[in-house]
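In the numbering used here, the protein residues as written are 36 to 504.
We put the CB at the ideal spot given by N, CA and C, even for glycine.
Following: one structure in structure tokens, then a few remarks.
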């Protein structure tokens with residue numbers, strides 16, 4: 036069994052924590068591990084092979100870093116040049132997995148789901164693997180505990196060994212219909228997790244959506260590797276139809292099966308779902324993460340990241356604070372966060388894409404102050420790492436070392452800076468920064484100039500493959 040972990044998506048309903056550059060699968064929302072790391076850890080004890088991970092090009096270093104933190108082995112990180120939904124992504128993984136004549140059973144998982152009961156999850160996997168080996172395309176149906184209107188449903192059909200044939204997939208219902216589904220005992224929530232032999236998925240995809248398979252075959256024909264990353268032809272893949280595995284295959288095939296799963300599952304699709312699944316509610320039904328003082332508050336979710344947050348006299352609210360944004364919503368209206376995110380995107384505000392602290396493969400930077408023609412950042416460079424050799428057309432930079440050692444190159448001159456030493460980089464000078472030490476390098480960067488955007492970077496060389504070819 037080879038897991039395929041889908042780590043794409045933006046998680047916009049969990050703004051302001053989740054941003055385009057740091058979506059929810061990379062956040063620690065339900066434990067000390069990120070949701071991606073939880074997904075990987077959950078596979079321990081299943082006997083699974085090393086997983087294939089699929090992510091957006093922009094998130095590749097986040098995936099690699101989170102794997103490194105777990106010391107987790109993997110079977111490759113496949114990069115989607117553009118998002119084309121789950122059917123093409125899984126097709127790429129299936130084609131890659133069968134390249135050497137092998138035909139593994141693929142366990143397709145989302146990187147951003149919560150599953151509390153690991154033993155029950157493992158038991159369901161064992162049942163699904165037996166059905167998948169027989170040629171079924173298996174989905175996991177969540178045993179519903181309420182008439183939820185936010186999920187699609189699966190109607191169970193004839194009983195199979197360890198599961199059921201799928202009679203029908205149905206769209207998200209209204210509340211009355213959802214109640215009928217739950218009361219019948221024959222309907223399950225659609226989890227978006229699957230298991231099937233790689234060859235069977237490709238056969239059914241060719242039958243029902245041959246264009247998707249044809250494009251994916253062409254795109255992967257020129258597959259190349261870059262560090263830990265597997266790249267496909269970007270121009271070809273961009274022509275692929277955008278479709279989910281549900282619409283492209285599962286709702287059409289005659290070989291769909293379902294294994295019930297009752298394991299404390301949630302897709303963590305909103306802030307209210309984090310409140311629902313939390314086990315640390317206080318006597319008033321509140322969930323508090325971080326530094327918060329509540330007075331006369333009940334059944335609320337409060338998440339304070341950077342500052343003390345006080346909430347007074349409110350019920351059924353969600354309050355989320357980050358370094359650069361605060362979001363307050365009624366629990367019943369948290370789905371409308373997507374509307375706020377759409378406005379941020381339309382107005383090209385940085386809060387749509389980035390946090391104030393931005394992670395890079397070499398470390399991170401935190402924009403601690405800015406104004407007209409200046410910006411101040413706190414930069415952290417990991418031991419042994421190096422920023423790209425670069426220059427800027429519109430800004431000069433002044434670096435002050437706070438701790439650690441900096442190896443600074445400006446033009447043809449290289450110098451070593453230690454704590455309390457500084458250097459100036461004029462506009463247009465080619466420069467590089469490296470941490471040759473054994474501890475993190477911390478420095479303050481003061482930028483000044485007519486334009487301070489992150490796109491004012493011309494890279495000449497880069498160990499992380501970020502130089503335009």
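Thinking C-beta only, is residue 123 closer than 8 Å to residue 11? Outside the modelled stretch of the chain, which goes from 36 to 504, sits residue 11, for which no answer is possible.
- Under the assumption that residue 434 contacts residue 399 (Cβ atoms under 8 Å), give the Cβ distance between them as a whole number of angstroms. Looking up residue 434 in the chain shown gives position 399. Looking up residue 399 in the chain shown gives position 364. That belief does not hold up - the Cβ atoms of residue 434 and residue 399 are roughly 16 Å apart, past 8 Å.
- residue 451, DSSP secondary structure in three states: In the chain shown, residue 451 corresponds to position 416, counting from 1. Note: residue 451 maps to strand in three-state DSSP.
- prompt: Pairing CB atoms from the stretch 400–409 with CB atoms from the stretch 456–476, are three or more of them under 8 Å?
  reply: Output reads no: the stretch 456–476 does not touch the stretch 400–409.
field: Collapsed DSSP secondary structure at residue 310 in the structure displayed
entry: Looking up residue 310 in the chain shown gives position 275. Helix, per DSSP.
* To do: Can you check DSSP and say which residues form a bridge with residue 333?
  => Taking the chain shown and counting its residues from 1, the one referred to as residue 333 is at position 298. DSSP lists 350 as partners of residue 333.
Where does residue 256 land, buried or exposed, given buried means 16+ other C-beta within 10 angstroms? As a working mapping, residue 256 is identified with position 221 in the chain shown. Residue 256 comes out exposed.
C-beta contact flag for residue 87 and residue 280 at 8 Å: Your numbering for residue 87 matches position 52 in the chain shown. Your numbering for residue 280 matches position 245 in the chain shown. It is not a contact, given that the beta carbons lie outside the stated cut-off.
Which of helix, strand or coil DSSP assigns to residue 128:
In the chain shown, residue 128 corresponds to position 93, counting from 1. Three-state result, residue 128: helix.
- Mind checking residue 198: buried by the 16 CB within 10 Å criterion, or exposed? As a first step, residue 198 must be located in the chain shown, where it is residue number 163. The residue is buried, with at least 16 neighbouring Cβ atoms inside 10 Å.
Q | For residue 190, the first and last residue of its enclosing beta strand (DSSP E) | A | The residue you call residue 190 lines up with position 155 of the chain shown. That run of the beta strand (DSSP E) goes 188–195.
Starting from the C-beta of residue 120, find all residues in its chain whose C-beta is less than 6 Å away, skip the five residues before and the five after it, and write them out in chain order.
By one-based count along the chain shown, residue 120 stands at place 85. The answer, listed in chain order, is 277, 278 and 279.
- What residue ranges within the stretch 59–129 form continuous alpha helix (DSSP H) runs of no fewer than 4 residues, ordered along the chain? Within the stretch 59–129, the complete alpha helix (DSSP H) segments of 4 residues or longer fall at 70–76 and 95–105, listed in chain order.
| message | Measuring CB atoms only, is the stretch 40–52 touching the stretch 296–315, in the sense that at least three cross pairs come out at less than 8 Å? | response | yes
To test your reading of the DSSP string, which unbroken alpha helix (DSSP H) runs of 4 or more residues are found completely within the stretch 128–154? Within the stretch 128–154, no run of alpha helix (DSSP H) reaches 4 residues while sitting entirely inside it.
Residues that residue 328 bridges to, as DSSP identifies them | As a first step, residue 328 is located in the chain shown; it is residue number 293 there, counting from the start. Answer is 345, bridged to residue 328.
*Top-ranked residue by Cα proximity to residue 134, from 270, 252, 474 and 427*: For the purposes of this step, residue 134 is identified with residue 99 of the chain shown, where counting begins at 1. For residue 134, the nearest C-alpha among the options comes from 252.
ask   = Ordered along the chain, which non-local residues of its own chain (more than five positions away) have a Cβ less than 6 Å from that of residue 450?
value = The count along the chain shown starts at 1 and reaches residue 450 at position 415. So the list reads 443, once near-sequence residues are dropped.
Note to self: Count Cβ pairs between the stretch 189–207 and the stretch 107–115 that sit closer than 8 Å; are there 3 or more?
What the structure shows: no
Let me check understanding here. Comparing Cα to Cα, which of 445, 472, 115 and 437 lies closest to residue 274?
Here residue 274 corresponds to residue number 239 of the chain shown, with the count starting at 1. If we check each option's Cα against that of residue 274, 115 comes out closest.
### Query
Would you call the CB atoms of residue 415 and residue 477 closer than 8 Å?
For this step, residue 415 is matched to residue 380 along the chain shown. For this step, residue 477 is matched to residue 442 along the chain shown. Taking 8 Å as the Cβ cut-off, residue 415 and residue 477 qualify as a contacting pair.
| query | Where do the N-terminal and C-terminal ends of the beta strand (DSSP E) with residue 513 fall, by residue? | reply | Here the chain has residues from 36 to 504 only, and residue 513 is not among them.
- Item | Whole-angstrom distance between residue 488 and residue 496, CA atom to CA atom | By 1-based counting over the chain shown, the position of residue 496 is 461. By 1-based counting over the chain shown, the position of residue 488 is 453. Roughly 20 Å between the two C-alpha positions.
message = Using CA atoms only, rank isn't needed, just tell me which of 314, 57 and 348 is closest to residue 329.
response = Reading the chain shown from its first residue, position 294 is the one you call residue 329. When each option's Cα is compared against that of residue 329, the closest is 348.
What separation, rounded to the nearest whole angstrom, lies between the Cα atoms of residue 440 and residue 89? As a first step, residue 440 is located in the chain shown; it is residue number 405 there, counting from the start. As a first step, residue 89 is located in the chain shown; it is residue number 54 there, counting from the start. Our two residues, residue 440 and residue 89, have alpha carbons roughly 36 Å apart in a direct line.
- Per-residue burial, residue 93 [other beta carbons within 10 Å of its own, 16 or more giving buried]: To locate residue 93, count along the chain shown from 1; it is residue 58. Here residue 93 is exposed: its Cβ has fewer than 16 other Cβ atoms, across all protein chains shown, within 10 Å.
Q) If you draw a straight line from the C-alpha of residue 375 to the C-alpha of residue 389, how long is it? A) Taking the first residue of the chain shown as position 1, residue 375 is located at position 340. Taking the first residue of the chain shown as position 1, residue 389 is located at position 354. Going from the Cα of residue 375 to the Cα of residue 389 covers about 15 Å.
I need the straight-line Cα distance from residue 264 to residue 350, nearest angstrom please.
Sequence index remark: in the chain shown, residue 264 carries index 229 (1-based). Sequence index remark: in the chain shown, residue 350 carries index 315 (1-based). One C-alpha to the other measures close to 47 Å.
- Give me the Cβ distance between residue 195 and residue 291, rounded to the nearest whole Å; I'm assuming they're in contact under 8 Å. Numbered from its first residue, the chain shown carries residue 195 at position 160. Numbered from its first residue, the chain shown carries residue 291 at position 256. The pair is not a contact, with the Cβ atoms about 11 Å apart (cut-off 8 Å).
* Where residue 171 sits in the DSSP three-state scheme -> The count along the chain shown starts at 1 and reaches residue 171 at position 136. Residue 171: coil per DSSP, three-state reduction.
(message) Check whether chain D comes within 8 Å of residue 157, counting only Cβ atoms and requiring the distance to be less than that.
(response) Here chain D cannot be found, since the structure has a single protein chain.
Report task. Identify which residue in 258, 271, 244 and 431 has its Cα closest to the Cα of residue 287. Result -> Indexing the chain shown from 1 puts residue 287 at position 252. Among 258, 271, 244 and 431, the Cα nearest to that of residue 287 belongs to 244.
Identify the continuous beta strand (DSSP E) that holds residue 477 and give its terminal residues. Taking the chain shown and counting its residues from 1, the one referred to as residue 477 is at position 442. Looking at the DSSP string, the run of the beta strand (DSSP E) that includes residue 477 is 476–484.
For this session: Report back the beta-carbon spacing between residue 268 and residue 254 to the nearest angstrom; my notes put them in contact at under 8 Å.
Result: Numbered from 1 along the chain shown, position 233 holds the residue referred to as residue 268. Numbered from 1 along the chain shown, position 219 holds the residue referred to as residue 254. Their Cβ separation, rounded to whole angstroms, is 5 Å, which keeps residue 268 and residue 254 in contact under 8 Å.
Of the listed residues 334, 226, 363 and 344, nearest to residue 327 (C-alpha basis): Counted from its first residue, the chain shown places residue 327 at position 292. Of the candidates 334, 226, 363 and 344, the one whose C-alpha sits nearest the C-alpha of residue 327 is 344.
Residues in the same chain with beta-carbon distance under 7 Å from residue 138, minus the five sequence neighbours each way, listed in chain order, please.
Numbered from its first residue, the chain shown carries residue 138 at position 103. These residues qualify, in order along the chain: 232, 233 and 234.
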